[in-house]
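In case it helps, our numbering puts the sequence shown at residues 129 to 307.
Glycine residues also receive a C-beta, built at the ideal position from the N, C-alpha and C atoms.
As structure tokens, the structure follows; a few thoughts come after it.
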Amino acid sequence: MANHKILVIDDSRVIRARVRDMLPNGNFEVIEATDGIEGIDAIRNQKPNLIMLDFLLPRKSGYEVYQEIQAVPEFQSIPLVMMSGRREELTEKISEPFEFFEFIEKPFEQKELIGAIKGAMAKARRARPQTLTPTAASDEDTSTEFAVLQTQVEAIAQEVAALKAQNNEILAFIKEKLA
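This is the structure in structure tokens:
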């Protein structure tokens, strides 16, 4: 039985076979998914050690799969390589530099594939910023926080009124000079 599972999510049978053929000899099990829905199911059920994800997929796009991966902390630690024939398709949705995955442009050679896999593994090991989880606040904490916010809003309202008055003075001055 294979020690490492590599999930290849691509609607092209040729690309899936190419990735399989380019992987170095080793103890790998290559799992294939032909669309985004199959891909998400395979991530949940197979727990892969690496995901190769095409950006343009039927039924659920690679971008939607990527968003689901980012939303689940357990999936975030899986190395991810995004694949596309056109980098600009990807950069329209996700700005560079790509922090959480490696990108490889199709068609690619074995050396590029291996480099992308190594890069994805390094990125997956990086610590991610912690997301804040809301905590239950007591009524006293809430009322204190509300009072502070109300004071801040009142101060902002006074500042806006002062700026409006200043703006009116400037407009009057300009009108006077132009007349």
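Going by beta-carbon coordinates alone, are residue i and residue j separated by less than 7 Å?
i	j	result
P207	L178	yes
L181	V193	yes
I197	V158	no
V209	A244	yes
K234	G213	yes
E230	A248	yes
Could you name the residues that DSSP lists as bridge partners for residue i?
i	result
I179	L135 and L208
A199	According to DSSP, which records beta bridges pairwise, A199 is partnered with nothing at all.
By Cβ distance, which residues of its chain are closer than 7 Å to residue i, with the 5 residues on each side in sequence left out?
i	result
E160	V136 and R144
Starting from residue i and walking both ways along the alpha helix (DSSP H), at which residues does that stretch end?
i	result
A161	Element bounds for A161: not the alpha helix (DSSP H) but the beta strand (DSSP E), F156 to A161.
L218	R215 to T219
A244	Q238 to R253
So the beta strand (DSSP E) residue i belongs to, where does it begin and stop?
i	result
I232	E230 to E233
Among residues of its own chain, excluding the 5 on either side of residue i, which ones have a beta-carbon nearer than 6 Å to its beta-carbon?
i	result
A289	none
D138	R144 and D182
Helix or strand or just coil, what does DSSP make of residue i?
i	result
L260	Residue placement at L260 is flagged as unreliable, the pLDDT there being 45, under the threshold of 50; a coordinate-derived value is accordingly withheld.
Kindly list the residues whose CB is nearer than 8 Å to the CB of residue i, restricted to its own chain and excluding five residues on each side of it in sequence; keep chain order.
i	result
I298	none
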